[in-house]
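First the structure, in the form of C-alpha cells, and then the observations on it.
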Amino acid sequence: MHEEDEFGESGVVKRFMYVNRKAPYGTIYALECLEMILIAAAFDQDVSVVFADDGVYQLKKGQDTKAVNMKNFSPTYRALDDYDVEKIYVEKESLEARGLSADDLVIPVEVVAAADLVEIMAAQDVVLSS
Amino acid sequence: MKFGILVNEGPFTHQASDTAYQFTKAALEKGHEIHRVFFYHDGVNNANKLSEPQSDDRNLVRLWSDLGKEHDLDLVVCVAAALRRGIKDEILAEGFHISGLGQLIESGIQADRLVVFGD
C-alpha cells in the first residue's frame, strides 16, 4: 500500500492514545474508533487505548445485539493483541460505578485510577477521543 | 506551528465543524501551517456539495471549500466513513478528496499538534 511505504520510510513512531467514552451501540463512535485504532497500529505507531465512562461497556462480555439489529463487534477487540496493541487501560472509577470488574471484559486490561490515567495521557503525543 | 485538524461531526447537528473551521481560519491568519484537515465519522458530511442550507444560514460546506482553495488546504474525507454515508467522489465539493484513515495517522505523525473537534 502506498501510504504504508510512505510511513515506513519516515520511521517516525509517535505515541497515539485513543480514548473511548461512549457505549458500543446507540452511536457509531465506538465502532469507527476501533477502525482508527487498528489503522494506527498497522502503521506501527505506539498505540494505547483507554476505556472510560460508558466506553467500558464496549468491552463487556456476552453482548447480544440481535434485538437492536447491530453487528456485535466486541470480538474484534481481541484482534488488538495481534496488532501488538497491548496498552489497554480501563478507568477504575468508571468500571466500579457500573458494577463491573476486569473479569467481566472480553480482553485483559490494566485497570487504572483516573488520577494515574492523567499522567499516562499527559505522556502521549496524539490523543484522539470519541 | 504545524496543526493537523480532525473534524468528527457534520455541519448541522453539532457545532464541532464550525469551531474547527474558525480555529483553522484563525490559525492560518496567525501564520500557522495546517498540515491537513481530516473528516471522520459524520464529519464526512461537510464535503457534500448537495447540501443546501437555508439562505440566511452559513454554508459550512462552501466555507470549508473556499478556505481550502484560498490556502491550498488538504481536505481529506475518510473513505470508509464516507461510503457508508453515501459520500462519493461525484458529490464532493471542490477541494475535498477521499482517502484512507492512514492520512489521519500521517497527520498525527507530521503535525506538531493534532486538534480534534467532536462531540
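First to last, the protein sequences are chains B and L.
Read in numbering that gives the first Met the number 0, the first sequence has 33 at position 34, and its numbers run on one by one without any break.
Read in numbering that gives the first Met the number 0, the second sequence has 59 at position 60, and its numbers run on one by one without any break.
Glycine is no exception: its CB is placed at the ideal position from the N, C-alpha and C atoms.
Below-8 angstroms beta-carbon distance, residue i vs any chain B residue
i         : result
His13(L)  : no
Val114(L) : no
Leu103(L) : yes
Any C-beta of chain L under 8 angstroms from that of residue i
i         : result
Gly7(B)   : Summary for Gly7(B): the model assigns pLDDT 49, below 50, so the residue's position carries little reliability; its value from the coordinates is reported in the next sentence. Taking Cβ atoms only, chain L never reaches closer than 8 angstroms to Gly7(B), which makes this a no.
Ala39(B)  : yes
Ile27(B)  : yes
Met120(B) : no
Met69(B)  : no
Glu95(B)  : no
Val105(B) : no
Glu31(B)  : yes
Beta-carbon proximity list for residue i, same chain, < 6 angstroms, skipping 5 on both sides
i         : result
Leu49(L)  : Ile90
Met0(L)   : His31, Asp111
Phe95(L)  : Ala46, Leu74, Val76
Leu67(B)  : Residue identity check: residue 67(B) is Val in the sequence provided, not Leu. Within the same chain, Val67(B) has close Cβ partners Tyr24.
Phe11(L)  : none
Val84(B)  : Ala40, Val46
Glu3(B)   : Note that Glu3(B) scores a pLDDT of 48, beneath 50, so its modelled location is shaky; the value from the coordinates is reported in the next line. Nothing meets the Cβ criterion.
Tyr88(B)  : Val49, Glu109, Val111
Leu79(B)  : none
Phe116(L) : Val6, Ala15, Thr18, Ala19
Residues bridged to residue i [DSSP beta-bridge criterion]
i         : result
Arg35(L)  : Gly3(L)
Arg112(L) : Phe2(L)
Asp45(B)  : Arg14(B)
Tyr28(B)  : Bridge partners of Tyr28(B): none, in fact.
Lys59(B)  : Leu104(B)
Glu90(B)  : Val111(B)
Ile97(L)  : Val76(L)
Asn19(B)  : Phe50(B)
Asn47(L)  : Leu91(L)
Leu127(B) : Tyr17(B)
Residue i: CB within 7 angstroms of a non-hydrogen atom of the ligand PLP
i        : result
Ala15(L) : The ligand PLP is not part of the structure shown, which contains no ligands of any sort.
Where residue i meets chain B, residues with beta-carbon distance less than 9 angstroms
i         : result
Gly107(L) : Lys13, Phe15, Ala39, Gln44, Asp124, Val125, Leu127
Other residues of its chain near residue i: CB distance less than 8 angstroms, five sequence neighbours each side excluded
i         : result
Thr64(B)  : Tyr24, Lys70, Asn71
Leu127(B) : Phe15, Met16, Tyr17, Val18, Cys32, Met35
Neighbourhood of residue i by C-beta distance below 7 angstroms, restricted to the same chain and skipping five residues each side
i         : result
Ala80(L)  : Tyr39, His40, Val43
Thr23(L)  : Ile4, Ile33, Val36, Leu66
Gly9(L)   : Ser16, Asp41, Gly42, Asn44, Asn45
Leu113(L) : Gly3, Leu5, Ser106, Gly107
Leu59(L)  : Pro10, Ser16, Asp17, Tyr20, Asn45
Residue i: contacting residues in chain B (beta-carbon distance under 8 angstroms)
i         : result
Gly117(L) : Ser128, Ser129
Per-residue contacts from residue i into chain B (C-beta, under 7 angstroms)
i        : result
Asn7(L)  : Ser129
Ala79(L) : Glu34
Task: Members of the region 16–48 of chain L near chain B, C-beta cut-off 9 angstroms - done: Tyr39, His40, Asp41: these are the residues of the region 16–48 of chain L whose beta carbon lies less than 9 angstroms from some beta carbon of chain B, given in chain order.
Open item on the list: At a CB distance below 9 angstroms, what residues from the region 85–101 of chain L approach chain B? Give them in sequence order.
Closed with: So the list reads Ser98, Gly99, Leu100, Gly101, given in the order they occur along the chain.
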